[in-house]
Amino acid sequence: MVDGERLWKRLSELAEIGKREEGGVARFSFTPEERAAKNLVASYMEEANLAVREDAAGNLSGRREGRDPDAPAVLIGSHVDSVSNGGDFDGPLGVLGGIEVLQTIDEEGVQTDRPVEVVAFTDEEGARFSLGMIGSRALTGMLSREDLRHEDRDGVPIEQAMRDAGLDPEKVGDAARSPASLAAYLELHIEQGKVLEGEGLPVGVVTGIAGPVWLRLSFSGEAGHAGTTPMGSRRDALAAAAEVMGIVEEEAASTGSTVGTVGQIEVRPGGINIIPGGVELSLDLRDIDEAVRDRAEGRIRERAEEACGRRGIGLSFGELQRLPPAPCSEEIRASIAAACEREGIRPYALPSGAGHDGMHVAELCPMGMIFVRSKDGISHNPKEWSSREDCETGCKILYLTVLDLAGQT
Ligand code: HGY
Ligand code: MN
Ligand code: MN
């Protein structure tokens, strides 16, 4: 069975790469930190006797052949890039858990019918370029040249960052996989919420992944002297943005299932004694029900336009990404639930509020996810933590599910 000690040791080693003074991790795509993380993960894949390769989008994968090398593969995946000031488990648990499963299968001399692969997808988080899931988008063939023009805060486009990392953006199409080459996609991931902790369960069976819309809102008013401009004759872009942020919170909370977050704000010119003339806001809006999300978005747009009209502020919306919710495969959910029962764990079904690469891979093959309990539900924060026991339990469930889906002879 899987070796929890080895998994925990690797999680701790990987967590040191990109570790910041203040304790968080920063491993952005196409940076030296991410390269170092991929090199370490590649060495673990070699220790597991996997055939290691990187595709044209920088996805790093290890493959173990099955009895029938032409059979569609079972793909295990996640990511090793992080958000800024991130935690140690978001992504790495899925990649290292997948390697642990394959190393265990190899050490036990088990022959599966199907090939099994584990992949570390490029740029799942979108922390550097505000796009996200670049690697899994490329796997589906849906990563466009337009996508590669998203820039980071220094104005570096993805395509340039790829070249600097030794990749040819013209060739990302080569990373596309045909649906015929994949039988199933599985991801082990921390829950990043409090549900499993509340249920007293170490693991859960994911029902589906909420669909995110990422927008950029641009407010244009008029910069002016903070001391000489009466309150009634200002066109204060930041005051307008503040009203809209309140609208986001109100409209998201009103549905009972939608979440709305303004995570980034840029104020121009940014002087203590200058009325802000321009503001850029990000908006992350999600729901497991697409219609509910889109209605909330419509209300936010309408009320924001009214508020800015009343204030004499220009408002424009830019769309960064829009993904539909992705349901998990009933067959894979049943396989994960059976593995839970086998381990004496009550199978518990729950949705994922967080986005994952499985949203794209689900376009190629049936997708399933296993959640591991998160302490206090904290994630995207250095305090993100799951116990060694729960990580091992999650890896065991992954191992049993892989053997079921890949066919064990
Ligand atoms: O944004 C998300 O939900 C994921 O962490 N990338
Ligand atoms: Mn994340
Ligand atoms: Mn993640």
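Here the sequence shown is numbered in the numbering used here, starting from 140 and rising by one per residue.
We put the beta carbon where it would ideally sit given N, CA and C, even for glycine.
Residue j beta carbon less than 8 Å from that of residue i
| i | j | result |
| --- | --- | --- |
| Pro341 | Arg512 | yes |
| Val282 | Ala212 | According to the sequence provided, residue 282 is Leu. The question's Val does not apply to it. Contact flag unset, no. |
| Ala210 | Asp245 | no |
| Gly197 | Gly274 | yes |
| Arg192 | Ser200 | yes |
| Tyr324 | Gly492 | no |
| Gly157 | Ser221 | yes |
| Val295 | Gly226 | no |
| Leu537 | Val240 | yes |
| Cys467 | Gly507 | yes |
| Thr397 | Ala478 | no |
| Ile452 | Ile386 | no |
| Thr243 | Val141 | yes |
| Arg174 | Ala304 | yes |
| Asp496 | Met184 | no |
| Gly416 | Ala376 | yes |
| Val344 | Ile509 | yes |
| Gly399 | Glu382 | no |
| Glu326 | Gly437 | no |
C-alpha distance - residue i paired with residue j, whole-angstrom precision
| i | j | result |
| --- | --- | --- |
| Met498 | Val418 | 31 Å |
| Glu152 | Arg432 | 39 Å |
| Ser455 | Ala277 | 29 Å |
| Arg166 | His218 | 11 Å |
| Ile414 | Arg450 | 14 Å |
| Ala446 | His328 | 40 Å |
| Asp529 | Ala379 | 46 Å |
| Leu354 | Asp423 | 7 Å |
| Ala501 | Glu361 | 46 Å |
| Asn224 | Leu420 | 20 Å |
| Ser182 | Gly409 | 47 Å |
| Ser269 | Thr346 | 26 Å |
| Glu172 | Leu146 | 21 Å |
| Ala319 | Ile471 | 18 Å |
| Phe525 | Glu441 | It should be pointed out that residue 525 corresponds to Ser in this sequence rather than to Phe. Their Cα atoms are separated by approximately 41 Å. |
| Thr532 | Gly483 | 11 Å |
| Glu256 | Cys504 | 14 Å |
| Pro351 | Thr367 | 43 Å |
| Ala315 | Ala259 | 15 Å |
| Lys514 | Glu338 | 12 Å |
| Lys333 | Pro254 | 35 Å |
| Val406 | Gly371 | 21 Å |
| Lys310 | Ala195 | 6 Å |
| Gly494 | Pro208 | 32 Å |
| Arg159 | Asp291 | 20 Å |
| Gly546 | Glu330 | 27 Å |
| Pro490 | Leu235 | 23 Å |
| Glu247 | Arg288 | 46 Å |
| Glu480 | Gly448 | 58 Å |
| Ala187 | Gly265 | 29 Å |
Residues bridged to residue i [DSSP beta-bridge criterion]
| i | result |
| --- | --- |
| Met506 | Tyr324 |
| Asp423 | Trp353 and Thr400 |
| Lys158 | Val164 |
| Glu405 | Glu419 |
| Leu251 | The amino acid at residue 251 is misidentified as Leu; the sequence shows Thr. Bridge partners of Thr251: Gln547. |
| Gln460 | Trp353 |
| Ala190 | Arg202 |
| Ile215 | Val257 and Leu325 |
| Phe268 | According to DSSP, which records beta bridges pairwise, Phe268 is partnered with nothing at all. |
| Gly366 | DSSP output for Gly366 lists no bridge partner at all. |
| Phe358 | Val418 and Leu454 |
| Leu348 | With the sequence shown as reference, residue 348 is identified as Ile, and Leu is not the correct amino acid for it. DSSP output for Ile348 lists Ala465 and Ser491 as bridge partner(s). |
| Glu290 | Pro296 |
| Val141 | Val141 pairs with nothing; no bridge assigned. |
| Ile413 | His364 |
Chain C contact for residue i (CB, 8 Å cutoff)
| i | result |
| --- | --- |
| Gly205 | The question asks about chain C, but that chain is absent: this structure has only one protein chain. |
Selection from the options that minimises the alpha carbon distance to residue i
| i | options | result |
| --- | --- | --- |
| Arg267 | Asp426, Ile509, Cys467 and Met301 | Met301 |
| Thr394 | Ser221, Arg206 and Ile427 | Ile427 |
| Glu458 | Gly226, Gly366 and Glu285 | Glu285 |
| Asp229 | Val500, Ile404 and Glu263 | Glu263 |
| Ser335 | Ile517, Leu150, Arg145 and Leu146 | For clarity, residue 335 is Leu in the given sequence; the question names Ser instead. It is Ile517. |
| Thr170 | Ala392, Leu306 and Glu429 | Leu306 |
| Arg434 | Ala391, Phe358, Ser168 and Ala349 | Ala391 |
| Phe358 | Lys310, Ser168, Ala443 and Glu326 | Ala443 |
| Lys148 | Arg159, Arg174, Pro231 and Phe510 | Pro231 |
| Ala190 | Ile238, Ala176, Leu150 and Glu160 | Ile238 |
| Glu469 | Ala488, Arg481 and Glu480 | Ala488 |
| Glu298 | Ser168, Glu155, Ala154 and Glu429 | Ser168 |
| Lys177 | Leu356, Gly402, Ala154 and Gly162 | Ala154 |
| Ala349 | Arg373, Gly363 and Arg425 | Arg425 |
- Looking at C-beta atoms only, is the number of pairs between the region 517-525 and the region 459-475 that lie closer than 8 Å three or more? Of all C-beta pairs linking the region 517-525 to the region 459-475, fewer than three are shorter than 8 Å, placing the two stretches out of contact.
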